[in-house]
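Residue numbers (my numbering): 43 to 134. Virtual Cβ for every residue (Gly too), placed ideally from N, Cα, C.
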Amino acid sequence: MLTAWHRTDKNMDIPKRTATMIQESAHSMTITSLTNMISFGTGVFSSTLALQTFAIYSTAANAICYFYQLVIFPALLTLTAYRECRKGNDSV
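Okay, structure coming up:
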């Protein structure tokens, strides 16, 4: 996501930069997260309780990480960009 952020035009307004960043990176993140959740989710059908538990927690952790990557991280990045713009820092 940071690479996509740095590829955006620095003259664009911050919400537009954030939207562009998400558009560029969300597809690959979604595919990766879905394949991870599916592969860990198949472990739920294991006959071993330890593997079932691991699969449940791994799938839940992947879902939480996906949520953070698409919602929380862009929000924090946007807030940080606004803060840097107020300070007059051109490195955004």
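Check, Outcome
"Sequence-distant residues of the same chain with beta carbon closer than 8 Å to Val86, five excluded per side", "Gln94, Ala97, Ile98, Thr101"
"Local conformation of Thr90 per DSSP, three classes", "coil"
"Nearest-angstrom Cα separation, counted from Thr77 out to Thr120", "28 Å"
"Endpoints, the alpha helix (DSSP H) within which Gln65 is located", "56-83"
"Inter-residue Cα distance where the pair is Ile64 and Ala92", "36 Å"
"Spatially closest choice to Tyr108 from Met71, Thr90, Gly83, by CA coordinates", "Met71"
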